[in-house]
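Worksheet: the structure to be examined is printed underneath.
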Amino acid sequence: MSEMIKVGMADLKLCKAPDGITTLGLGSCVGIAIRDPRTKVGGLAHIMLPDSKSIQGGHNIAKFADTGVRELVDIIAKNGGNRMRLESKIAGGAKMFAFSSKSDLMSVGDRNVEAVKKVLKELKIPILAEDTGDSYGRTVEYYPETGDYIIKTVGKGQKKI
Amino acid sequence: MAKIDLEQMDTMYFDVLKEIGNIGAGNATTALAQLLNTKVDMKVPKVELLEFSEVGEAMGGEEQIMAGIYQVVDGDIHGSIMFLLEEKSARTLISMLMGTPEHDSESFTEMEISALKEIGNIITGSYLSSLSTLTNLKIFPSIPDISIDMAGAIMSVPAIEFGELGDRILLIETAFSDDLKLNGFFILVPDLDSYDKILSSLGM
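Top to bottom, those sequences are chains A and B. Residue numbers are given in the working numbering: position 64 of the first sequence equals residue 64, and the series is strictly consecutive. Residue numbers are given in the working numbering: position 140 of the second sequence equals residue 1140, and the series is strictly consecutive.
Here is the structure:
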């Protein structure tokens, strides 16, 4: 029997085939799915903010793109994944409201996506597919067995990337 | 460095927030009753400091569809305020306000969304005006914006703002009842300096 592992906000977990892994209601946060396609060991991180270095508060490394993605990769590598073979898919980073309390030029969703891409590039992990931006929430499911990343929305249908 | 640490908020501070929540929701109740011309009662608000992973659960699941009305706050304090309402409650409110029957279609019309924004504006406005009266601070909310989507997705916005301060989020749950039964949530996210200002203006 395969299970569906649940990842919360600012959280990350390991997942081995045939299990699946999910995170519900991604808004401006980004869900990063990574797997080793040969050993079928993977995982999912749900990050909230781009950069751990620009923030004072909080010690949860799963909260940030830079530390969260690295931590997930370390966990996958320790559990039978090969760093050289890893591949990724990403989703989320929406702009839920037209304005924000910060006068930044980019929305936090966009900055999250950019930060995730930067760290994946540094780790030399290719991004096979992405469904990012726009203005709606996403629930995602990832299957390390096939690498399928299912994205569900409210009123905008469901797709597989 | 921050003078106020969200992780170390004591019971007294909680009580203050709860009291502000209480008075604010009280004002909001009066405003709602006038707007809808009906009797509205309110339960004592619940103030909770939650881990990010617990937020979805507290709102009835991350995938629960909700309407979130969001406003940026300016003046003596800076930050944002959000009022969240379950989809069902939102439909009830709209039908009472507009005198139209409740319907279950997937989407909301432009008119309905505009009505919801106005309701949110009145409710957060009442909350902020009691905070302003209590603290003697000038507080100006922006025009409201609305999102109808999964609770988790809407909550990511204030959660991220809290995320810059710590690892938890402060949620004020208010239930209105009597002729009108609905569950709403307030989330006020002042930046760190504003937390200080609020507390010191209350003599804490």
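Using N, Cα and C, we set each Cβ at its ideal position, and we do this for glycine too. Note that the coordinates shown come from a computational prediction; the quantities given were computed from them, not determined experimentally.
Leaving out five residues before and five after residue i in sequence, what residues of the same chain have Cβ atoms less than 7 Å from its Cβ?
{"i": "residue 1160 (chain B)", "result": "none"}
{"i": "residue 1003 (chain B)", "result": "Low per-residue confidence applies at residue 1003 (chain B): pLDDT is 48, beneath 50, and the placement is therefore not dependable enough to give any value."}
{"i": "residue 1071 (chain B)", "result": "1080, 1081, 1124, 1141, 1142, 1144"}
{"i": "residue 11 (chain A)", "result": "46, 62"}
{"i": "residue 141 (chain A)", "result": "20, 22, 150"}
What residue from the options has the CA that sits closest to residue i's CA?
{"i": "residue 1083 (chain B)", "options": "B:1194, B:1193, B:1175", "result": "B:1175"}
{"i": "residue 1151 (chain B)", "options": "B:1016, B:1066, B:1078", "result": "B:1066"}
{"i": "residue 1118 (chain B)", "options": "B:1035, B:1203, B:1202", "result": "B:1035"}
{"i": "residue 1134 (chain B)", "options": "B:1073, B:1203, B:1107, B:1061", "result": "B:1203"}
{"i": "residue 122 (chain A)", "options": "A:54, A:84, A:79, A:142", "result": "A:84"}
{"i": "residue 96 (chain A)", "options": "B:1154, B:1076, B:1069, B:1029", "result": "B:1154"}
{"i": "residue 80 (chain A)", "options": "A:60, A:40, A:5", "result": "A:40"}
{"i": "residue 1189 (chain B)", "options": "B:1166, B:1056, B:1114, B:1109", "result": "B:1166"}
{"i": "residue 146 (chain A)", "options": "A:52, A:21, A:7, A:8", "result": "A:21"}
{"i": "residue 135 (chain A)", "options": "A:8, A:154, A:119", "result": "A:154"}
{"i": "residue 99 (chain A)", "options": "B:1146, B:1029, B:1169", "result": "B:1146"}
In chain A, which residues lie less than 7 Å from residue i when you measure between Cβ atoms?
{"i": "residue 1076 (chain B)", "result": "Within chain A, no residue comes near residue 1076 (chain B); the closest Cβ sits about 15 Å away, beyond 7 Å."}
{"i": "residue 1118 (chain B)", "result": "By Cβ distance, chain A contributes nothing, its closest Cβ being about 17 Å from residue 1118 (chain B), past 7 Å."}
{"i": "residue 1110 (chain B)", "result": "Neighbours of residue 1110 (chain B) on chain A: none; closest Cβ ~15 Å, over 7 Å."}
{"i": "residue 1195 (chain B)", "result": "The contacting residues do not exist; residue 1195 (chain B) stays about 12 Å from chain A at best."}
Can you name, in chain order, every residue of its own chain whose Cβ lies under 6 Å from the Cβ of residue i, other than the five neighbours on each side?
{"i": "residue 1025 (chain B)", "result": "1042, 1045, 1174"}
{"i": "residue 1001 (chain B)", "result": "The predicted model places residue 1001 (chain B) with a pLDDT of 36, which falls under 50 and marks its position as unreliable; any figure quoted below should be read in that light. Hits under 6 Å: none found."}
{"i": "residue 42 (chain A)", "result": "15, 34, 35, 144"}
{"i": "residue 1031 (chain B)", "result": "1122, 1126"}
{"i": "residue 1052 (chain B)", "result": "1159"}
{"i": "residue 70 (chain A)", "result": "none"}
{"i": "residue 78 (chain A)", "result": "none"}
{"i": "residue 131 (chain A)", "result": "91, 151, 161"}
{"i": "residue 1182 (chain B)", "result": "1089, 1176"}
{"i": "residue 1120 (chain B)", "result": "1069, 1083, 1144"}
With residue i and residue j assumed to form a contact (beta carbons below 8 Å), what rounded beta-carbon distance in angstroms separates them?
{"i": "residue 67 (chain A)", "j": "residue 46 (chain A)", "result": "Contact flag wrong, Cβ pair sits at about 13 Å."}
{"i": "residue 216 (chain A)", "j": "residue 109 (chain A)", "result": "Nothing about residue 216 (chain A) can be reported from this structure: the residues present for chain A run from 1 to 161 only."}
{"i": "residue 1098 (chain B)", "j": "residue 1038 (chain B)", "result": "With a Cβ gap of about 14 Å, residue 1098 (chain B) and residue 1038 (chain B) do not count as contacting."}
{"i": "residue 90 (chain A)", "j": "residue 150 (chain A)", "result": "That pair is no contact at about 14 Å."}
{"i": "residue 1059 (chain B)", "j": "residue 1186 (chain B)", "result": "That pair is no contact at about 12 Å."}
{"i": "residue 87 (chain A)", "j": "residue 128 (chain A)", "result": "5 Å"}
{"i": "residue 1207 (chain B)", "j": "residue 1050 (chain B)", "result": "Chain B is shown only over 1001 to 1204; residue 1207 (chain B) falls outside these bounds and no answer can be derived."}
{"i": "residue 1116 (chain B)", "j": "residue 1069 (chain B)", "result": "7 Å"}
{"i": "residue 1137 (chain B)", "j": "residue 1201 (chain B)", "result": "6 Å"}
{"i": "residue 1055 (chain B)", "j": "residue 9 (chain A)", "result": "7 Å"}
{"i": "residue 1064 (chain B)", "j": "residue 1048 (chain B)", "result": "Not confirmed; about 17 Å, so no contact."}
Can you list, in chain order, the residues of its chain whose CB lies under 8 Å from that of residue i, leaving out five sequence neighbours each side?
{"i": "residue 1130 (chain B)", "result": "1020, 1023, 1024, 1026, 1027"}
{"i": "residue 112 (chain A)", "result": "28, 29, 30, 47, 48, 49, 50, 65, 92, 93"}
{"i": "residue 125 (chain A)", "result": "34, 73, 86, 87, 88"}
{"i": "residue 1101 (chain B)", "result": "1095"}
{"i": "residue 158 (chain A)", "result": "150, 151, 152"}
Closer than 7 Å by beta-carbon distance: list the chain B residues that pair up with residue i, in chain order.
{"i": "residue 15 (chain A)", "result": "Neighbours of residue 15 (chain A) on chain B: none; closest Cβ ~17 Å, over 7 Å."}
{"i": "residue 25 (chain A)", "result": "1056, 1062, 1063, 1150, 1151, 1152, 1153"}
List the residues of chain A whose Cβ lies closer than 8 Å to the Cβ of residue i, in chain order.
{"i": "residue 1048 (chain B)", "result": "Within 8 Å Cβ-Cβ: nothing; residue 1048 (chain B) doesn't reach chain A, min ~15 Å."}
{"i": "residue 1160 (chain B)", "result": "28, 29, 48, 49, 108"}
{"i": "residue 1086 (chain B)", "result": "Simply none; closest approach about 14 Å."}
{"i": "residue 1053 (chain B)", "result": "8, 9, 10, 11"}
Could you work out which residues of chain B lie near residue i, taking near to mean beta carbons separated by less than 8 Å?
{"i": "residue 136 (chain A)", "result": "1149, 1153"}
{"i": "residue 98 (chain A)", "result": "1145"}
At 9 Å on the CB atoms, spell out the chain B contacts of residue i, in chain order.
{"i": "residue 94 (chain A)", "result": "1149, 1153, 1156"}
{"i": "residue 139 (chain A)", "result": "1062, 1063, 1150, 1152, 1153"}
Along chain A, which residues have their Cβ under 9 Å away from the Cβ of residue i?
{"i": "residue 1107 (chain B)", "result": "155"}
Cβ of residue i versus every heavy atom of the ligand ADP: is any distance shorter than 7 Å?
{"i": "residue 122 (chain A)", "result": "For the ligand ADP, the structure offers nothing, since it holds no ligand at all."}
*For the region 1060 to 1086 of chain B, list the beta strand (DSSP E) runs that are entirely contained and at least 3 residues long, ordered along the chain.*
List check, beta strand (DSSP E) in window: 1065 to 1075, 1079 to 1086.
*In the region 57 to 143 of chain A, which residue ranges form an unbroken alpha helix (DSSP H) of at least 4 residues, counting only runs that do not cross its ends?*
For the region 57 to 143 of chain A, whole alpha helix (DSSP H) runs of length 4 or above, ordered along the chain, are 65 to 78, 108 to 122.
*At what residue ranges does the region 1091 to 1156 of chain B contain a whole run of the alpha helix (DSSP H), taking only runs of 4 or more?*
Here the runs fully enclosed are 1110 to 1135.
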